[in-house]
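Asks: FYI, numbering that gives the first Met the number 0 numbers position 372 of the sequence shown as 371, with every residue one higher than the one before it.
Ideal Cβ positions, reconstructed from N, Cα and C, are used throughout, including at glycine.
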Amino acid sequence: MMTASQPRRSVDADRAYKDLKDYIVAKTGLVYYANRDQELIGHLKERCNAVGESDWSAYLRLLRDEADGQREFDELVEKLTIGETFFFRHREMFDALRDTIIPNCIARNASHPRLRIWSAGCSIGAEAYSISILLQQHFGVQTRDWEISIIGTDINRSFLRRASRGVYNDWSLRSLSDTERVQYFIEDRGRWAIKPKYRNGVSFQYHNLVSHPFPSLRHNLGAFDVILCRNVIIYFGEDLIRTTIGNFHQCLVDGGWLLAGHSEYSEDAFRCFRTVERCGVTLYRKDAATCHEPGSTAEPVSTSVQPQTKPANITPPGVDAPNDLGQVTPIAAIPIPVSIPSPSDLAADALKRDLERIQQLANDGKIKMAEEICRHMLERNRLNPVCHLYHALILQHLGIHDRAESTLRKAIYLDSSCVMAHYYLGVTLQRSRQSRRAAKAMRNVLDLLSHRDPSDFVEHVDGMSVADLGKLTQMQLDSIQ
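1) Can you pull the DSSP bridge partners for GLY151?
2) Do you know whose CA, among LEU394, LEU382, HIS137, lies nearest MET368's CA?
3) Using 8 Å for Cβ pairs, my map puts ALA466 next to GLN204. What's the rounded Cβ distance?
4) Going along the chain, which residues of its own chain have a beta-carbon closer than 7 Å to the beta-carbon of LEU251, five neighbours each way excluded?
5) So for ILE226, helix, strand or coil by DSSP?
6) Could you have a look at VAL327 and say whether DSSP puts it in helix, strand or coil?
7) What separation, rounded to the nearest whole angstrom, lies between the Cα atoms of TYR16 and ALA125?
8) Of all the alpha helix (DSSP H) runs that stay within the bounds of the segment 119-192, which reach a length of 4 or more residues?
9) Alpha carbon to alpha carbon, how far is GLN326 from ASN230?
10) Quick check on DSSP: helix, strand or coil for GLY254?
11) Check whether the segment 353-368 and the segment 213-222 are in contact - that is, three or more C-beta pairs closer than 8 Å.
12) Exposed or buried, which one is ARG7 when buried takes at least 16 other CB atoms within 10 Å?
13) To the nearest angstrom, how far is it from the Cα of ILE411 to the Cα of ASP54?
14) Decide if ASP36 is buried, meaning its Cβ has at least 16 other Cβ atoms within 10 Å, or exposed.
15) Just to confirm my understanding: we take ARG107, look at its own chain, exclude 5 residues before and 5 after, and list those with CB closer than 6 Å. What are they?
16) Under the three-state reduction of DSSP, which class applies to LYS194: helix, strand or coil?
17) Expressed to the nearest angstrom, what Euclidean distance is found between the alpha-carbon atoms of SER464 and GLU52?
18) Looking only at its chain, what residues have a beta carbon closer than 6 Å to the beta carbon of GLY294, apart from the 5 residues adjacent to it on each side?
19) Can you give me the Cβ contacts of LEU75 inside the same chain, cut-off strictly under 6 Å, excluding the 5 residues immediately before and after it?
20) Curious, which full-length alpha helix (DSSP H) runs of at least 4 residues does the segment 21-93 contain?
21) Rounded to whole angstroms, what is the Cα-Cα separation between TYR31 and TYR234?
22) For the pair the segment 194-202 and the segment 138-155, tell me if three or more CB-CB distances fall below 8 Å.
23) Rounded to whole angstroms, what is the Cα-Cα separation between LEU360 and PRO195?
24) For HIS375, count the other beta carbons within 10 Å of its own beta carbon; 16 or more makes it buried, fewer makes it exposed. Which is it?
25) Cutting at 7 Å between CB atoms, please list the residues of its own chain near LEU382, excluding the five before and the five after it.
26) For a quick check, are the C-beta atoms of GLY236 and ALA192 less than 9 Å apart?
27) Could you have a look at ALA259 and say whether DSSP puts it in helix, strand or coil?
28) Note down, in chain order, each residue of its chain lying with its Cβ closer than 6 Å to the Cβ of GLU38, except the 5 sequence neighbours on either side.
29) Give the single residue among ASP348, GLU370, ARG143 whose Cα lies nearest to the Cα of GLN358.
30) Count the other C-beta atoms from every protein chain shown that fall within 10 angstroms of the C-beta of SER482, then say buried if there are 16 or more, exposed otherwise.
31) Relative to the C-alpha of THR80, which candidate in ASP153, LEU61, ALA95, PRO112 has its C-alpha closest?
32) Would you tell me roughly how many angstroms separate the C-alpha atoms of TRP170 and PRO453, rounded to the nearest one?
33) Rounded to whole angstroms, what's the CA-CA distance from ASP446 to LYS44? Just pull it up for me.
34) Roughly how many angstroms lie between the CA atoms of ASP18 and LEU350, to the nearest whole one?
35) Leaving out the 5 sequence neighbours to the left and right, which residues in its chain are closer than 7 Å to HIS396 when beta-carbon positions are compared?
36) On a CA-only basis, which of ILE130, ILE40, LYS78 is nearest ARG90? Give me that one, please.
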C-alpha cells in the first residue's frame with residue numbers, strides 16, 4: 000500500500016489510487032479532495048487499517064461490494080466530511096431570515112398556513128434547530144396554527160444520529176448567552192438537550208445531493224419555501240454546482256428563497272434566481288419576473304435555464320388530447336393501432352399518468368391540485384394500495400397528518416407488504432409523538448426488508464436500495480428509542 004510520505008509524482012502514477020479517488024469524488028461530489036492527495040490518503044489509510052485491506056484496489060472493491068460497501072462508505076464519509084458547526088452561525092443570515100424571508104413567506108402563505116424549510120447538508124442539526132428557535136421566538140403567535148416542517152438532510156449518517164438526539168456540548172452553543180442557553184436547552188452535566196418545543200416540526204433524513212434525486216415527492220423533498228445549503232457546494236465541481244442549484248430552484252415554490260454560504264456565489268450557477276441584498280447577506284429568490292422585491296440592490300437576472308419538463312396531461316376518456324398548438328387533433332389524423340389495447344392496459348396507463356402528474360405537481364409546489372387528482376384517481380382505484388400511498392404523501396405535505404395516518408393504514412390493509420406505507424406511517428406517528436407505534440412501524444419495515452436482496456431497489460421511492468432504506472429506517476428507529 001502507498002504511504003502518506005511518498006512524493007506527489009508517485010501518487011499521480013498510481014492507477015489504483017486514482018481509480019479509488021475518482022470513485023469517491025464521483026459518489027460524494029467532494030472535489031475538494033481532488034488536489035489534496037496527502038490529506039485524502041491519510042483518511043484512506045486509517046480506514047484500510049480498520050478493515051484490514053492491504054491496497055487501494057482491495058479497498059475500492061470493498062466500497063463497491065453490495066453487502067458491505069455502504070457500511071464502509073458511511074464510515075469513510077464520516078472521516079471526509081466536516082461537522083464543525085454551532086447554533087446561529089452567521090447571525091446576519093438569521094437576521095435576514097427574521098427581517099425579510101420569514102415575514103415574506105408568512106404573507107405569501109396566509110391562505111394556506113404552512114411553511115416548509117430544508118436545511119441541506121445539515122451536519123449535526125444546529126442550523127435546523129436554530130431556525131425552529133427563531134420561528135417560535137419571533138413568529139410563534141403568527142404561526143400558532145400553521146403546519147411547519149423543517150427537514151435536515153446530510154450524507155453523514157453519524158451526524159444525522161447526533162442531530163436526531165439533539166444533545167450538544169458547550170462548543171456548539173458558544174454563540175449563545177447564558178440566558179439563551181437556559182431558554183432553549185435543558186442542561187445535564189455539561190451537555191445541552193434541545194427543549195421539546197423546539198424539536199416540534201424538525202426531522203432529519205439521509206440524502207446524498209450527488210446521487211439521490213430532488214425534487215422528489217417520495218423523499219418529501221419539494222415545495223419548499225426556504226432552502227439553506229451553506230458551506231456544502233463549495234466542495235463541489237462547477238458542473239455539479241450548476242446541477243445542484245438548478246435542482247434547488249425546482250424544489251422551491253414560486254417566490255421561495257435559497258440561502259448559500261458567503262463564499263459560494265457563482266453568477267453562472269445562480270442566474271436562474273433573482274439576487275436580493277439584505278442584512279449584509281446575498282439572498283436568492285425564485286421567479287424574478289413575478290417576485291420583485293422593493294429595495295433590492297440587484298436587477299432581475301436574465302436566465303437561460305432550460306424549462307422544467309412539461310407534466311403529462313391527464314385527458315378524460317372520450318376527449319381528444321390537444322396537440323402542441325392547443326388544437327384538437329382530428330379523428331381522421333389518428334393512426335389506427337394494429338392491436339386494440341385491453342381495458343386493463345388502458346387503466347394501467349391512465350393510473351401511471353395520474354401518478355406521474357401527482358409527483359410533478361407536488362414537486363412544483365401545487366399541492367392542492369395534486370390532492371384533487373388523488374381524489375379523482377381513488378374514485379377509480381379504491382382497492383389500489385399505491386393510490387392510497389400517494390394520497391397519504393400529499394396529505395402529509397398539506398399537514399393533514401391524521402388523515403395521512405388513516406390513509407396509510409388503508410394502504411397497509413390492502414397490501415401488508417407495501418414497505419413504504421409502513422415507513423411513512425412510522426414517520427407520521429413519530430411526528431405526532433406516538434413513539435411506541437412509530438417504533439413498531441419502523442420494525443415492520445426492517446422485517447419486510449430482511450427477506451430481500453440488499454441491492455434491490457425499493458418500490459415507490461426514487462432510487463433507494465433495500466440497503467439504503469434499511470439504514471435510514473434504523474436511524475429513525477434509534478431516534479425514536
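Replies: This is what the structure gives:
1) SER118, PHE203
2) LEU394
3) The pair is not a contact, with the Cβ atoms about 16 Å apart (cut-off 8 Å).
4) PHE223, ILE226, LEU257, LYS285
5) strand
6) Bear in mind that a pLDDT of 34 at VAL327, under 50, signals an unreliable position, so the number given afterwards is only what the model happens to contain. In the structure shown, VAL327 sits in a strand (DSSP, three-state: E or B).
7) 36 Å
8) 125-138, 156-164, 177-183
9) Because GLN326 carries a pLDDT of 35, less than 50, the predicted location of this residue cannot be relied on, and the following value inherits that uncertainty. Straight-line Cα distance between these residues: approximately 49 Å.
10) strand
11) yes
12) Here the model assigns ARG7 a pLDDT of 42, short of 50, so the residue's position is not dependable and the matter cannot be decided.
13) 47 Å
14) buried
15) GLY254
16) coil
17) 26 Å
18) The predicted model places GLY294 with a pLDDT of 39, which falls under 50 and marks its position as unreliable; any figure quoted below should be read in that light. Excluding positions up to five away in sequence, the list is empty.
19) ARG46
20) 36-50, 55-63, 68-79
21) 5 Å
22) yes
23) 34 Å
24) exposed
25) LEU413
26) no
27) strand
28) none
29) GLU370
30) An answer regarding residue 482 cannot be provided, because it is not within the stretch 0 to 480 covered by the chain.
31) ASP153
32) 39 Å
33) 36 Å
34) 44 Å
35) ALA222, ALA361, ILE366
36) ILE130
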